[in-house]
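When we follow this note's numbering, the leftmost residue of the sequence shown carries the number 1, and every step to the right adds one.
Backbone N, C-alpha and C fix where the C-beta goes; we use that ideal spot for every residue, glycine too.
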Amino acid sequence: MGMIFQLLRDRSISSRGPGLHTAKVEPRRQKHAHQRQSAMRETALWRTGQIRPRTHTHKGTHTQTDRKRERNTQRLRDRERRENERHTHRHTQTHIDTHTHTYTHRHTHRVLQQRH
Numbered sequence: 001m002g003m004i005f006q007l008l009r010d011r012s013i014s015s016r017g018p019g020l021h022t023a024k025v026e027p028r029r030q031k032h033a034h035q036r037q038s039a040m041r042e043t044a045l046w047r048t049g050q051i052r053p054r055t056h057t058h059k060g061t062h063t064q065t066d067r068k069r070e071r072n073t074q075r076l077r078d079r080e081r082r083e084n085e086r087h088t089h090r091h092t093q094t095h096i097d098t099h100t101h102t103y104t105h106r107h108t109h110r111v112l113q114q115r116h
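Structure (structure tokens):
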């Protein structure tokens with residue numbers, strides 16, 4: 001009699017008999033099984049075109065190559081140099097009234113010089 005109670009107290013053995021209930025699985029194996037199941041579902045949805053996988057969920061996994069980074073910094077430097085010089089490309093300047101005039105920077109520079 002003591003043996004039966006010992007078996008019932010053991011959590012991995014079902015009290016209802018072997019056919020009605022499967023034995024408990026350790027948490028790690030269960031977690032892996034759940035992950036496999038969800039991965040299979042995701043694959044099925046991806047194949048049917050219902051979802052697009054998020055491949056770059058972690059920041060920094062998609063890093064720039066050195067060449068790209070250098071090119072971007074060079075672009076930045078060029079842009080700053082252009083902004084600091086007096087350049088002649090067309091520039092829209094909004095006045096206080098509702099209409100907008102388009103002047104070159106040289107024109108606005110001349111206007112500013114006359115004011116001083």
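Same chain, Cβ closer than 6 Å to residue i, five either side skipped, listed in chain order
i: isoleucine 51; result: Leu45
i: glutamine 35; result: none
Contacting residues, own chain, Cβ-Cβ under 8 Å from residue i (five flanking each side not counted)
i: valine 157; result: Residue 157 lies beyond the residue range present for the chain, which begins at 1 and ends at 116; the question has no answer from this structure.
i: alanine 39; result: none
Own chain partners of residue i with C-beta closer than 7 Å, once the 5 adjacent residues on each side are dropped
i: aspartate 78; result: none
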